[in-house]
Amino acid sequence: MAESSTSTYRSALSGHSIFLSHSGAQKNLVEQLCVDLESCNRSVFFDKRSDSLPKGEPFPQHIFKAIQECQVGVVVLSEEFFSSKWPMLELVAMSKRMRLGNSRLKIMPIFLSISPIECRDVRNHGRWLSTWCEWAQEDKRMDIEEWKEALKLLGRMNGFVYKVGLGEVKFRKEIVKEICKVVSPTTTWDDSHVEGRSRLCKIICDKLDTMQACTQARVVGVYGVGGVGKTTLCKSLCKHFFREYEGKVCHVELKEGGNKLDLLRQVLRRLTNTSEKVMQGFSEDECYSLLRQNIIKQKVFIAIDNVFDSSKCLEEASAYLQLNYFPNSVVVVTARSLDQLQMLKIEKSNCLAMPDLKYAEARSLFLYHATHAGHVKDAPGVEVGDEIIKRCLKKCYFGKGRKGKHHYHPLALEVLGRQLGYNPEPWKVQLDELDAGDAFNQLRERGSQHPIFSILRRSFDVLGDEDQLLFMDAALFNPRLGTDVLKWLSLVNGMSVKVVKQRLMGLKRKSVIEVVGDGTRGIGMHDLWREFAMMETRIGDRERQRWVYDVIDNRSLRSNEEGDVVGVRFSGGWFNLQRICVRRTKRAWQHNLKAVRRQTLYERNGIKSALQIFKSCLSLSPMRTDHLNWLNSAMDSSSISGDELDFRSCTNVTVLKLVRPMLEVLDLGALQNLRSLQCSLGESFHGRTQSYSPPVPGVQVRGLGGLNNLVILLLDGIPHRSLWIGQISGLTRLQVLRLDSAEEDFGRALQGTLKRKCKCKNRYPDLRRLWSLQNLTIRHFCNKAKSISGFSKRMSYLRTLDLSYCSFSRCDGVGDLIALEELKMVWCKKLKELPNLRRLTKLRKLDISGCWSITALPGFGALIAVATLDASCCFKLAQLPDLSNLIHLETLHLIGSPISTLPGLGNAVSLRSIIGIVFEAIEGYDDLHMLRASPVSCKPVSL
70 MAESSTSTYR SALSGHSIFL SHSGAQKNLV EQLCVDLESC NRSVFFDKRS DSLPKGEPFP
130 QHIFKAIQEC QVGVVVLSEE FFSSKWPMLE LVAMSKRMRL GNSRLKIMPI FLSISPIECR
190 DVRNHGRWLS TWCEWAQEDK RMDIEEWKEA LKLLGRMNGF VYKVGLGEVK FRKEIVKEIC
250 KVVSPTTTWD DSHVEGRSRL CKIICDKLDT MQACTQARVV GVYGVGGVGK TTLCKSLCKH
310 FFREYEGKVC HVELKEGGNK LDLLRQVLRR LTNTSEKVMQ GFSEDECYSL LRQNIIKQKV
370 FIAIDNVFDS SKCLEEASAY LQLNYFPNSV VVVTARSLDQ LQMLKIEKSN CLAMPDLKYA
430 EARSLFLYHA THAGHVKDAP GVEVGDEIIK RCLKKCYFGK GRKGKHHYHP LALEVLGRQL
490 GYNPEPWKVQ LDELDAGDAF NQLRERGSQH PIFSILRRSF DVLGDEDQLL FMDAALFNPR
550 LGTDVLKWLS LVNGMSVKVV KQRLMGLKRK SVIEVVGDGT RGIGMHDLWR EFAMMETRIG
610 DRERQRWVYD VIDNRSLRSN EEGDVVGVRF SGGWFNLQRI CVRRTKRAWQ HNLKAVRRQT
670 LYERNGIKSA LQIFKSCLSL SPMRTDHLNW LNSAMDSSSI SGDELDFRSC TNVTVLKLVR
730 PMLEVLDLGA LQNLRSLQCS LGESFHGRTQ SYSPPVPGVQ VRGLGGLNNL VILLLDGIPH
790 RSLWIGQISG LTRLQVLRLD SAEEDFGRAL QGTLKRKCKC KNRYPDLRRL WSLQNLTIRH
850 FCNKAKSISG FSKRMSYLRT LDLSYCSFSR CDGVGDLIAL EELKMVWCKK LKELPNLRRL
910 TKLRKLDISG CWSITALPGF GALIAVATLD ASCCFKLAQL PDLSNLIHLE TLHLIGSPIS
970 TLPGLGNAVS LRSIIGIVFE AIEGYDDLHM LRASPVSCKP VSL
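Note that the sequence shown covers residues 70 to 1012 in the numbering used here.
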């Protein structure tokens, strides 16, 4: 059985392929032969070299170890050779190794001052044997029979015979040429700077050791986002396996637009030692034929690197995988995603994610590049504190998808290290500048040339226009959690949810995204892809720009000569623009709030003064920098008015997302093609007692009623007394509507005190014409209306309804919403009665927790599809209807409710938990014996 990979891992990585054995009389010729071989990039053991026999160490162990590792033993024969003890010891060691069945050692004799006939002459044998016997009397470890076997072995071998008149130079060239046919060049790639290389190689070796020995190659797949070190790993593995596979290792890097035939010739040259001259006239099929003939003769290691989602690439990679390899050869395949590896029919159990760097490894790699190691001679030392280094490393610590996993990105560490190391400014100053936005010089180094993002650029550019737009939507423009992202993507891109999923799975195969999911938790992707998406919105010219994404942070704001904050103007030349997102960070919001608090609000004009400060703080921050000189000049010359944003040149925009904008007026009249509008005017309370951020007072929205193509409207933090809400009633194409009004009173909040009892007074929109709604949310509305008008049986598409934290006392028409699947009316404290629910046969979840005044649930017993009921804190709800028909009911939440009977509970065969009621307190306890035997969680609660 071949040596295990792990045992090979433990052996020294440095070694010698050629062993030169000679007597002292031929020292000069052998020394020159060593130089010739080293000039051909072959690793030679020569006793005059310090790397062969280190000074101050016992030499026998180095000699015999080199003989065990080498591929070729060159024996320079002469009369002095056979009469010298150490040359003969070396020959005997080679002979013993050759007699082993699995040894691939080749002995090449050089007949220098003795002929082959003289070597076979028995009279010479007797003379040499006499000398050896004398040595054996003094050295009992010598076995004369083994020495005789070595002599016989030489007699059966062809070798190099020196001919008079040939000349020593030509003779050496002939020897070197033949040796180079057998011994591959030594790997010259220096991986000393690769942090964790030994650990990474061991991980792969351990994976190989878990795989059974086979008659073909063992195949391991490694996947990870671009720039995490897959190519570096392949090179390190080639160097690691070089000794075990006798130089038959090859790194095959697949490239888009690469020459397939040239790459195939490189593989032939590495794995079969076929000369370039022989392959010169070969076609692609002839090269494959030659590779198939030779690959079965000796085990090899091959790394097929950078497989990507292209039919040509997959076909090329498959051709290498389908070769008949020598038993226990190893093939490592790298790709951006697991899906790409599985498309090559590599078993999932044989695939692993690219191992992450440890903290210490990331730190060392960063400092290596930051101190110019390997790039600048006599680089200056960098003296910085640990806290600064931690800040640097944190910038290179990225999330992987949405599973909470993070890792240090090697290429990001290199780029940031060089960026800081080559700049003479103190690191802290540089980091403060980078914190303002451009962490990796995305804008100063054009996107197509950037060392990190050029890797992602290649994957992005091959996408079609629709897939590029879908990716940008998933990365930047989709709504916050709580909205079905797949449904949102479907509506804004005009395609079915099924088609959206298919396209997203295509992006996943290309490793652009990592998790598709069911739409409830967003699309998972690597943080670097999100960074790339943001960079993509900041390069190019406005005539072709399709998206704008701007993050406002007061640290990055600039002012004109008058001191007014300036930003982006959407004026002229934006006709291809389809997506706009402007997001103000909480830091910027809180900074502006403090500015308002410093103003005197007790005077009659106090609020007006505060609004003037908000006007001056308006900013859609400068994001076109040196790429858009026309914008810089405009920004430097005048400030944007705080009265409104001008979207007149953005007539083709279909998605608009504004987060915490500080506006007096938002005019949407020009956006006639708008399909999705998300505007977070402030921070809704949602039951929190901390991190309060109040909405802007008095913001006016104009033109909303004229957006006839709008299908998604998401408005959060709606200010007090927003009369423009009435315009929503005319948006008849709406399918998703969310209205969330602010909980806190703005005036008291500015003085640092929450006025909890005062809710924002806003009227409910009239829903009578909104028949296309599928998802409706109205939260935190407080007014004198007894009910919300407009619910009727004509709303036959409405599946989700959330009316939480509202002040109505009735919900007329809700009982006619026959398509409803989820109904939430949480903490509607004034709600006294529910309509009869018996027609809601598709309802799966009903949440009325906190509805203090409800006394009954009419029609609930007929809801055969319901799975969850939450009636916690319904203090007047004394009983539930008969539950006999609720065969799908799984969970009952009754915390704080005075319910003591659960009629028909014994027929609820799907029930898994009852929370908030003491089991023994239920009347008819004896009838629950069936439930006691099932896995039901009945948790007693002290009220």
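Just so you know, even glycine gets a beta-carbon here, dropped at the ideal spot from N, CA and C.
{"query": "Decide if the segment 363 to 371 is in contact with the segment 315 to 329; the criterion is three or more beta carbon pairs, one per stretch, under 8 Å apart.", "result": "yes"}
{"query": "Could you please give me the residues that DSSP links to Ser745 through a beta bridge?", "result": "Val724, Ile781"}
{"query": "Less than 9 Å separating the beta-carbons of Val347 and Val336?", "result": "no"}
{"query": "According to DSSP, Asn43 sits in a beta bridge with which residue or residues?", "result": "Residue coverage of the chain in this structure runs from 70 to 1012, which leaves residue 43 outside it and unanswerable."}
{"query": "Is His475 helix, strand or coil when you go by DSSP?", "result": "strand"}
{"query": "Measuring only the C-alpha atoms, how far is Val59 from Ile136?", "result": "The requested residue 59 is not part of the displayed model; the chain covers only 70 to 1012."}
{"query": "Identify every residue that forms a DSSP beta bridge with Ile933.", "result": "Answer by DSSP bridge pairing: none, since Ile933 is not bridged."}
{"query": "Pull up the distance between the alpha-carbon of Ala854 and that of Leu963, whole angstroms please.", "result": "29 Å"}
{"query": "Just checking my contact of Val569 with Leu558 at CB under 8 Å: how many whole Å lie between their CB atoms?", "result": "5 Å"}
{"query": "So who's on the other strand from Arg287, going by DSSP bridges?", "result": "Val399"}
{"query": "Ala602 and Leu538 look like a contact to me (Cβ under 8 Å); what is the Cβ gap, rounded to whole Å?", "result": "So it is not a contact: roughly 11 Å between Cβ atoms."}
{"query": "Should Leu889 and Leu912 be called a contact, given that it needs their Cβ atoms to be closer than 9 Å?", "result": "yes"}
{"query": "Measuring CA to CA, which of Leu932, Pro967, Leu872 is closest to Ile956?", "result": "Leu932"}
{"query": "Any heavy atom of the ligand GDP closer than 8 Å to the beta-carbon of Gly563?", "result": "As presented, the structure is devoid of all ligands, the ligand GDP included, so that no description of it is given."}
{"query": "Mapping DSSP to helix, strand and coil, what is Thr960?", "result": "strand"}
{"query": "Between Arg168 and Lys242, what straight-line distance do the alpha-carbon atoms span, to the nearest angstrom?", "result": "30 Å"}
{"query": "Confirm, please, whether the CB-CB distance from Ser184 to Val230 is below 9 Å.", "result": "yes"}
{"query": "Can you tell me the Cα-Cα spacing of Gly125 and Lys308, whole angstroms?", "result": "28 Å"}
{"query": "Going along the chain, which residues of its own chain have a beta-carbon closer than 8 Å to the beta-carbon of Thr284, five neighbours each way excluded?", "result": "Pro396"}
{"query": "How long is the line joining the alpha carbons of Trp793 and Gly295, rounded to whole angstroms?", "result": "48 Å"}
{"query": "Kindly indicate the opening and closing residues of the beta strand (DSSP E) around Phe156.", "result": "It should be pointed out that residue 156 corresponds to Pro in this sequence rather than to Phe. Taken as a continuous stretch (DSSP letters only), Pro156 belongs to no beta strand (DSSP E), being part of the alpha helix (DSSP H) at 154 to 167."}
{"query": "Would you kindly check if the distance between the Cβ of His595 and the Cβ of Glu605 is under 9 Å?", "result": "no"}
{"query": "Quick one: measure Cβ to Cβ for Asn419 and Met280, integer angstroms, because I've assumed they're closer than 8 Å.", "result": "7 Å"}
{"query": "Do the segment 141 to 150 and the segment 86 to 96 touch if we need at least three Cβ pairs shorter than 8 Å?", "result": "yes"}
{"query": "Restricting to Cα atoms, I'd like to know which of Lys464, Ser108, Gln206, His85 is closest to Phe115.", "result": "His85"}
{"query": "Can you grab the Cα-Cα spacing for the pair Ala66 / Pro834, in whole Å?", "result": "Because the chain is modelled from 70 through 1012, residue 66 falls outside the range shown and cannot be assessed."}
{"query": "Select from Gln948, Arg907, Pro950, Glu214 the residue whose C-alpha is nearest the C-alpha of Ala934.", "result": "Arg907"}
{"query": "Specify the secondary structure class of Met541 as computed by DSSP and reduced to three states.", "result": "helix"}
{"query": "Between Glu600, Ile649, Cys943, which has its C-alpha nearest Trp616's C-alpha?", "result": "Ile649"}
{"query": "Answer yes or no: do Gln101 and Glu237 have a C-beta to C-beta separation smaller than 9 Å?", "result": "yes"}
{"query": "Strictly by DSSP, which residues pair up with Leu735?", "result": "Val770"}
{"query": "Between which residues of its own chain and Arg460 is the CB-CB distance below 7 Å, once the five residues before and five after are set aside?", "result": "Leu500"}
{"query": "Residues bridged to Cys420 by DSSP?", "result": "Gly290"}
{"query": "CB-CB under 7 Å to Trp223, same chain, minus the five flanking residues each way: which ones, in chain order?", "result": "Rather than Trp, the amino acid found at residue 223 in this sequence is Leu. Answer for Leu223: Pro178, Cys188, listed in chain order."}
{"query": "Using a Cβ distance threshold of 8 Å, determine whether the segment 150 to 160 contacts the segment 265 to 282, with at least three qualifying pairs required.", "result": "no"}
{"query": "Measuring straight from C-alpha to C-alpha, what distance separates Arg405 and Thr300?", "result": "11 Å"}
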